[in-house]
Amino acid sequence: MNSKLLGSIAIVSGTAIGGGMLALPLATAGLGSFSALALLVVLWLVSAYTALLMLEINLRSGVGDNVHAITGKTLGKLGQFIQGASFLSLLYALTMVYLLGGSSLLGAKFELLTGEPLNHEVAISVFTLVFGGLIAIGISWVDKASRLLFPIMVLLLVVVVFFLLPEVSFSTIVADTVKEGIKQGGFSGALMAAVPVVFTSFGFHVCIATLVGYLEGDVKNLKKVLLVGSTIPLFCYILWLLVTIGTVGGATISSFNGSLPMLVKALQGVSSFPLIDKCISVFADLALLTSFLGVTMSLFDFLKELTRAKDSIAGRLQTWVLTFIPPLLCALFYPDGFVKVLGYAAIPLVIMIIFLPIAMAYVGRKQTSEGYQVSGGNVGLGALALLGLGIIVAQLAS
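As numbered in the working numbering, residues -1 to 396 make up the sequence shown, in order.
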């Protein structure tokens, strides 16, 4: 497997793992571990199917087209407007989530080192300027950074899981989270709250159009990238849930009220090895950073095409401002929205990667049956539409 393919897999996995990985215990603590794991598998299958469906649409439209152009070709101006609004809402929401998560971790580290709290506005501005600056350089540098950071992140996850697994309490996994779910209003209430966040945790689809161009429309390699890249997060999520809920406990995690630094601190208190404390901290940083890079890369690329900005210093600066200033302003005025905003992101995500692709695939298949096509036919499209509707209902009800 060549380095370009590995880098693409890292972008897919890194885009999914991040806010999703870190928010999963916070969102599913009241559901119960076994139900949460089953939900992970079901929504991974939905995510993989929709990824292949979007690949079909991208290849039929033409290598190099972004999502906006593909929608315009297939569904016209109205579909293009709906897609653009959903795409921007999703990526801006996810960028806001990662700015909040990244700045909270940065603030926690600053306080640990100096003993003084770091102002929220300063923390989020520094995080945006330093790590957001990488996006202005281009996809090749994001690819290189992902190739370097993602394996380190996975290695740290393995180390953390290896040392924390002996501390996992099976009785805690079975009893504690179920009791918490009952206390919060029953299984259905916990499920409604968890579904949007879990689904969004597999939201790597934003980078598919970019990767189709990057890998020059190679169907075999693209399928491999999407399936392998989405399966890695599934296994990581399963291990992460078992370790977090099985050691800290669902009741304790629920009391954090969505605070990422509190979750990291609680996990650091589980192990008796000081080195593991540092591994947990660095892992959390890299998980969020790789996801941040993947999402903002796609947002930057989309805005650059949408505004037809020139590939010059002034043009890239203009696109950078459009990419980061709106979510930065929202994050400054809504500092406690890490898990909540991630859940709200499920609505534009469902529209963008379920309903619109269904419509585009249906129209495209009526026009021609040539080229790559996902199996399942209209029955598969209908089942997918029902699942998408269920996710939206879950978010509105939570």
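Each residue gets a CB set at the ideal place from its N, CA and C atoms; glycine is no exception. Nothing here was measured: the structure is a model prediction, and the numbers come from that model.
Cβ pair residue i, residue j closer than 9 Å
i: F280; j: P23; result: Contrary to the premise, residue 280 reads as Val rather than Phe in this sequence. Cβ atoms of V280 and P23: not closer than 9 Å.
i: T317; j: F298; result: yes
i: A329; j: S101; result: yes
i: K364; j: D141; result: no
i: A67; j: E214; result: no
i: G374; j: A383; result: no
i: V226; j: I7; result: yes
i: T229; j: L92; result: no
i: S11; j: F148; result: yes
i: G130; j: T366; result: no
i: L286; j: L103; result: yes
i: C205; j: S296; result: yes
i: L284; j: M151; result: yes
i: G341; j: S31; result: no
i: L258; j: T126; result: no
i: L354; j: I80; result: yes
i: L50; j: L224; result: yes
i: A343; j: P164; result: no
i: H203; j: M350; result: yes
i: Y90; j: P324; result: yes
Residue from the options whose Cα sits closest to the Cα of residue i
i: L385; options: I9, F300, M260 and V44; result: V44
i: Y47; options: G201, G211 and V120; result: G201
i: Y370; options: T198, L220 and L147; result: L220
i: I311; options: S367, V377 and I133; result: I133
i: G211; options: L326, L287, L154 and V65; result: V65
i: A192; options: A21, S11, A14 and E368; result: A21
i: L41; options: L155, L189, L284 and M358; result: L189
i: K338; options: M350, T26, A14 and R306; result: T26
i: V166; options: L326, V61, V268 and G77; result: V268
i: G70; options: A106, V262, A121 and A357; result: A357
i: Y235; options: V156, K222, G77 and D216; result: V156
i: L379; options: V124, G362, L394 and E368; result: G362
i: I390; options: A207, V196 and I323; result: V196
i: L98; options: D309, A395 and V124; result: V124
Where residue i falls, given that 16 or more other Cβ within 10 Å makes a residue buried
i: Y360; result: exposed
i: I116; result: For the sequence presented, residue 116 should be read as Leu rather than Ile. By the 10 Å Cβ count, L116 comes out buried.
i: P231; result: buried
i: I243; result: buried
i: I278; result: buried
i: G5; result: buried
i: N420; result: There is no way to answer for residue 420, as the model of the chain reaches only from -1 to 396.
i: F233; result: exposed
i: V372; result: buried
i: D63; result: buried
i: V377; result: exposed
i: A392; result: buried
i: F160; result: exposed
i: V39; result: exposed
i: V319; result: exposed
i: V348; result: buried
i: A121; result: buried
i: T305; result: exposed
i: G105; result: buried
i: L261; result: buried
i: G388; result: exposed
i: A14; result: buried
i: V128; result: exposed
i: I135; result: exposed
i: G74; result: exposed
i: L29; result: buried
i: V176; result: Its pLDDT being 49, under 50, V176 is placed unreliably by the model, and the measurement read from it follows with that caveat. Buried: at least 16 other Cβ atoms inside 10 Å.
i: L154; result: buried
Min CB distance residue i to chain B below 9 Å
i: A312; result: The structure shown contains no chain B; it is built from a single protein chain.
For this session: Check whether the stretch 106 to 125 touches the stretch 73 to 90, counting contact only when three or more Cβ pairs, one atom from each stretch, lie closer than 8 Å.
Result: No: fewer than three Cβ pairs fall under 8 Å.
For this session: Flag this pair as touching only if the stretch 286 to 300 and the stretch 265 to 277 have three or more C-beta atom pairs under 8 Å; answer yes or no.
Result: Short answer: they don't touch.
Problem set entry | Segment contact flag, the stretch 236 to 244 with the stretch 33 to 40, C-beta cutoff 8 Å, min 3 pairs | The stretch 236 to 244 and the stretch 33 to 40 touch, with no fewer than 3 CB-CB distances between them shorter than 8 Å.
Problem set entry | Contact between the stretch 247 to 262 and the stretch 50 to 70 (3+ Cβ pairs under 8 Å) | Segments in contact, no.
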